[in-house]
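Worksheet: one structure, shown below.
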Amino acid sequence: MANTKTKVKLTLLASDTYTTTVSSTPASKLPDVLEMDGPTLSNYVYNEKLAPLAQYVSSATLANATAGSLAEGTVAKKVYGLAMFDSALGIYGNKKLLDAAGIKYPTGLSDAWTADQFTADLGTLAAAHGGKALDIHEEYGLGGEWGSFAFSPILWSAGGGLITDNKSTGVMDSAASVKALNTLASWKPFIDSNADGKAFTGGRVALGWGGHWNYPDYSKALGADLVVMPLPNFGQGSKTGQGSWTWGIGAETKNGKAAGSFLDSLLNDKNVTAMTTANGAPPATKSALAMNTNYSPTGPLALFAEQLNKTCGNGPITTACVAVPRPVTPGYPVITSKFSSALSAIFGGADAAKSLGAAAKTIDQNYSDNSNYK
Amino acid sequence: MATVELRAASSARGTTTKVKKRKKFNSETLPGVLMASPALIGVIGFVALPFVVAIVLSFFNVRLNSVRPPIFFGIEQYVRLFTDPIYSVPFFRALVNNLSFAVVVVPVQTAIALALAILLNRKIRGIAFFRTLFFMPVVFPMALVTVLWRLILDRSDNGLLNSVVSFLTGGAVGAHDWLGSPTTAMGSVILLSIWQGVGFQMVIILAGLQEIPQERYEAAQLDRAGAWAQFRHVTVPGIRNTLIFVVLLTTILSFRVFDQVYILIRGAGLNQDATRTVLYQATVTIFDENNVGQAAAITVVFFIIVVALTLVQRRVLRQTSED
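Chains C and X supply the protein sequences, listed in that same order.
Oh and the first sequence: position 304 is 300 in the numbering used here, straight run, nothing missing.
Every position in the second sequence, counted from 1, becomes a number in the numbering used here once 349 is added.
And the structure:
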């Protein structure tokens, strides 16, 4: 359904300052259509920057959105954001190196590594292969959103978390969360700092803690030797992150109808497929996901599709569900800033209980300063 | 003006009395004010006003571009900054980091700049090449410098510094996490900062050195002064004002340290606690956590500390230059 009548003016912003720029732009100056990282959406809704989409976007488009896309884009039962693609986290493995070290690795969610087994295998791999065994993409920066996205799943898997009912103390600094991050910090001697970005593709390490976006490069470099595995199970079943960048309409748009039809066309199969072919992501529309060969039950990334299928949504995190969206709350910016900064300090050797305790207290103070963002 | 300048060169004291005797207002007052006004407007608009705004903001709970009105907070932000451990511990640590950076960088960088300037102040063939070489890092953006040093200081065996250490010690000393370890993190930042910044001070000192009349060295040589005596009694007094300027400038720049710390913490596993500066903390508070009020309080306290230190430093240095 090509639309040749609507003219769209594209404004590009540098990725590292994109969120800051949009956050500090008043609603009246925001464009008709904008993209944002999923967990920041709630804060934008709180600050009246986004319009509910139902009035502008066709009902077919809304009905075609995956559960993950809706879970991430919904605030107070209204949909404000729709995504072209979702995201997935997992452990990539280099089959040749794993086999050479005699490592028995998981084939699916049911036999995911336990944290202890993973720790032991890292030791074995490091001893067998040049001292390092794992890449966790330190070059993305553990002190930024990558840290929160990649490692809050181990808190959830351990039975901890980031925040529950607007309270972080007792959740982020719970014994389970502390233990999970201590385990992560204990892996540091086996982790390649990946300063050149080639630790996994260059064969320096056998395991890579990565996202769906690594798949195109990794599969090109390793071919049939690439295996995709779930993150380690810290007790409550393997968990993974989900959610990615999502599209919304500015609250003060004067071209709502055109903006809506722009989103309709952006979220059609042709455009979503073009996007996910380029970035390797799981499509966030049902029809495009059904057509995608990578994520089909026999495809190489079937595990990622299965994880997203078993989403915890915005409900409680149980042993049965796997994919957990980051908390949908207007206070997310302070949660991620405090958590990722504590994470990077703990990884650098700081005391986990103390760092997480201070982070949780600061978050709680922030919520009480802002009347729990009501 | 030309006569005044000549007098200044021959006798500083003469000029001061001359200026003092002038009337308060004369035909030069108006052009003077007019000519100073662009700079004054700049100082008021970009320094004084923002500072006043920061003071006002620090008394409120303000969120970055929140649609809700700011809530009056009184001195709560300051009370937290000084007494509540979840705010005061990181804040004081950041202050200590800033101070330790300045305490090392100011003397060391000035000394190295002086040494380089003296080495490069010779009339030999190809000296321009070496001057360019040492000045080059100044032209590099800090982002590029940190990317380079990240590879040098990488914690793996392949890190350039680790490879060198291992080669020199025959493999006896293993790989060290230069950026991640709390004991070497600040040292690493200091090292790369000096490497990047020293060329700038060097050029300023080099200009000062070339102002020293050659006759003074000749006279000193006639008095059989050795190289060290010449350095102490001709070179240093000759560039005293330049050195004072360089020290002040380096001090101010070293309190502003931000880029390298931000990039290395965010992308290279730099130990955060050991290197986080006050500006880093303020930036994170406002742009990552949207907490404008708290960030304003941090900058106000920091501004007062830096101004106080600068005043003390100016006083000490002025006294030495008078006797």
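Glycine included, C-beta positions come from ideal geometry on N, C-alpha and C.
From a predicted model like this one, the values you see are computed outputs, not experimental measurements.
Across which residues does DSSP place X/E425 in a beta bridge pair?
Locating residue 425 of chain X in the second sequence gives position 76, where the first residue counts as 1. BP columns for X/E425 are empty, so no partner.
How about the stretch 347 to 366 of chain C and the stretch 153 to 172 of chain C: do they share at least three Cβ pairs that are nearer than 8 Å?
yes
Among C/L93, C/L8, C/A56, which residue has its Cα nearest to the Cα of C/D221?
As a working note, residue 221 of chain C is residue 225 in the first sequence. Nearest C-alpha to C/D221 among C/L93, C/L8, C/A56: C/L93.
Between C/K334 and chain X, is there a C-beta pair that is closer than 9 Å?
As a position in the first sequence, residue 334 of chain C is number 338, starting the count at 1. Chain X, which has a Cβ nearer than 9 Å to the Cβ of C/K334, makes this yes.
Residue ranges of each alpha helix (DSSP H) run of no fewer than 4 residues wholly in the stretch 26 to 59 of chain C, ordered along the chain?
37 to 42
On the three-state DSSP scale, how would you describe X/I561?
Stepping through the second sequence from its first residue, residue 561 of chain X is reached at position 212. X/I561: coil per DSSP, three-state reduction.
Alpha carbon to alpha carbon, what distance is there between X/I435 and X/F652?
Position 303 of the second sequence, counted from the first residue, corresponds to residue 652 of chain X. Position 86 of the second sequence, counted from the first residue, corresponds to residue 435 of chain X. Our two residues, X/F652 and X/I435, have alpha carbons roughly 22 Å apart in a direct line.
For X/G519, which residues in chain C fall below 9 Å Cβ to Cβ?
To locate residue 519 of chain X, count along the second sequence from 1; it is residue 170. Chain-order list of chain C residues neighbouring X/G519: empty, with the shortest C-beta distance near 18 Å, by a criterion of under 9 Å.
DSSP three-state label for C/V245, please.
For the purposes of this step, residue 245 of chain C is identified with residue 249 of the first sequence, where counting begins at 1. Reading the sequence as shown, one finds Ile at residue 245 of chain C and not Val. In this structure, C/I245 counts as strand in the three-state DSSP scheme.
Which residue wins for smallest C-alpha separation from X/F479, given the options X/T495, X/L468, X/F489, X/V487?
Here residue 479 of chain X is taken as the residue at index 130 of the second sequence, counted from 1. Of X/T495, X/L468, X/F489, X/V487, the residue nearest in Cα terms is X/L468.
Output, in chain order, the set of chain X residues within a Cβ distance shorter than 9 Å of C/V330.
Mapped onto the first sequence, residue 330 of chain C falls at position 334. D637, E638, N639, N640, listed in chain order.
Label C/L78 either buried or exposed according to how many other C-beta atoms from any shown protein chain fall within 10 Å of its C-beta, with 16 as the threshold for buried.
Within the first sequence, numbered from 1, the residue matching residue 78 of chain C stands at position 82. The C-beta of C/L78 has 16 or more other C-beta atoms within 10 Å across all chains shown, which makes the residue buried.
Which of the three DSSP states, helix, strand or coil, is assigned to X/D672?
Within the second sequence, residue 672 of chain X is the residue found at index 323, counting from 1. Low local confidence applies: a pLDDT of 41 at X/D672 is under 50, so the model's placement there is unreliable, and no value is given.
Between the stretch 64 to 72 of chain C and the stretch 435 to 445 of chain X, do three or more beta carbon pairs fall short of 8 Å?
no
Between C/G345, C/S364, C/Y363, C/A338, which lies nearest to C/G353 when the distance is taken from Cα to Cα?
As a position in the first sequence, residue 353 of chain C is number 357, starting the count at 1. Cα-wise, what sits closest to C/G353 is C/A338.
Closer than 7 Å by beta-carbon distance: list the chain C residues that pair up with X/L500, in chain order.
Residue numbering aside, residue 500 of chain X sits at position 151 when the second sequence is read from its first letter. Within 7 Å Cβ-Cβ: A191.
Along the stretch 128 to 147 of chain C, where does the CB come closer than 9 Å to a CB of chain X? Name the residues.
So the list reads K128, E134, E135, Y136, G137, L138, G139, G140, given in the order they occur along the chain.
Contact list for X/L413 against chain C, beta-carbon separation under 8 Å:
Counting from 1 along the second sequence, the entry for residue 413 of chain X is found at position 64. By Cβ distance, chain C contributes S19, S20.
Quick one, which residues of the stretch 35 to 47 of chain C are near chain X if we go by CB-CB under 7 Å, in chain order?
N43, E44
What residues from chain X crowd round C/K265, counting only those whose CB sits closer than 7 Å?
Against the first sequence, residue 265 of chain C aligns to sequence position 269. What sits at residue 265 of chain C in the sequence shown is Asp, not Lys. Here the premise fails: no neighbours, minimum Cβ distance about 37 Å.
From what residue to what residue does the alpha helix (DSSP H) around X/P380 run?
By 1-based counting over the second sequence, the position of residue 380 of chain X is 31. It spans 378 to 392 - the alpha helix (DSSP H) in which X/P380 sits, taken as one unbroken run.
Out of curiosity, what's the CA-to-CA distance linking C/Y369 and C/N39?
Residue 369 of chain C sits at position 373 when you count from the first residue of the first sequence. Residue 39 of chain C sits at position 43 when you count from the first residue of the first sequence. If you take the alpha carbons of C/Y369 and C/N39, they lie about 9 Å apart.
Under the three-state DSSP convention, the category C/L76 falls into
Locating residue 76 of chain C in the first sequence gives position 80, where the first residue counts as 1. Inspection of the sequence shows that residue 76 of chain C is occupied by Tyr rather than by Leu. Coil.
Going by Cα to Cα distance, which pick from X/V610, X/R589, X/T533 is closest to X/L555?
Residue mapping note: residue 555 of chain X aligns to position 206 of the second sequence, counting from 1. X/L555 has its Cα closest to that of X/R589, out of X/V610, X/R589, X/T533.
9 Å Cβ cutoff, C/S340 in contact with chain X:
In the first sequence, counting from the first residue as 1, residue 340 of chain C sits at position 344. Closer than 9 Å: yes.
If I follow the unbroken alpha helix (DSSP H) through X/L448, where does it start and stop?
For this step, residue 448 of chain X is matched to residue 99 along the second sequence. Per DSSP, X/L448 belongs to the alpha helix (DSSP H) from 434 to 469.
CB contact below 9 Å: C/M(-3) versus chain X
Locating residue -3 of chain C in the first sequence gives position 1, where the first residue counts as 1. Residue confidence is low: C/M(-3) scores 46 on pLDDT, short of 50, so the model does not pin down where it sits. Its coordinate-derived value is still stated next. So no, C/M(-3) is outside the interface.
Interface residues of chain X facing C/T314 [CB-CB closer than 7 Å]:
In the first sequence, the residue the question calls residue 314 of chain C occupies position 318. Per Cβ cutoff of 7 Å: no residues; C/T314 is ~31 Å from chain X at best.
Own chain partners of X/L355 with C-beta closer than 6 Å, once the 5 adjacent residues on each side are dropped
The residue given as residue 355 of chain X occupies position 6 in the second sequence. At X/L355, the pLDDT of 37 sits below 50, so the modelled position is not reliable; the number obtained from the coordinates is stated separately. So the list is empty, once near-sequence residues are dropped.
Find the nearest neighbour of C/Q238 within the set C/G89, C/G207, C/S173, judged by alpha-carbon distance.
The count along the first sequence starts at 1 and reaches residue 238 of chain C at position 242. Checking every option, the nearest Cα to that of C/Q238 belongs to C/G207.
Inside the stretch 184 to 221 of chain C only - beta strand (DSSP E) runs reaching at least 3 residues:
203 to 207
Taking DSSP as the reference, what is the three-state secondary structure of C/T325?
To locate residue 325 of chain C, count along the first sequence from 1; it is residue 329. Here C/T325 sits in coil by DSSP.
Following the continuous beta strand (DSSP E) through C/Y88, name the residue where it begins and the one where it ends.
In the first sequence, residue 88 of chain C corresponds to position 92, counting from 1. Per DSSP, C/Y88 belongs to the beta strand (DSSP E) from 85 to 90.
Quick one: which chain X residues come within Cβ less than 7 Å of C/T358?
Residue mapping note: residue 358 of chain C aligns to position 362 of the first sequence, counting from 1. Chain X residues near C/T358: I435.
Relative to the alpha-carbon of X/L540, which residue among X/M551, X/W527, X/F549 has its alpha-carbon at the smallest distance?
By one-based count along the second sequence, residue 540 of chain X stands at place 191. Here the closest residue by C-alpha is X/W527.
Where C/A319 sits in the DSSP three-state scheme:
In the first sequence, the residue the question calls residue 319 of chain C occupies position 323. C/A319: strand per DSSP, three-state reduction.
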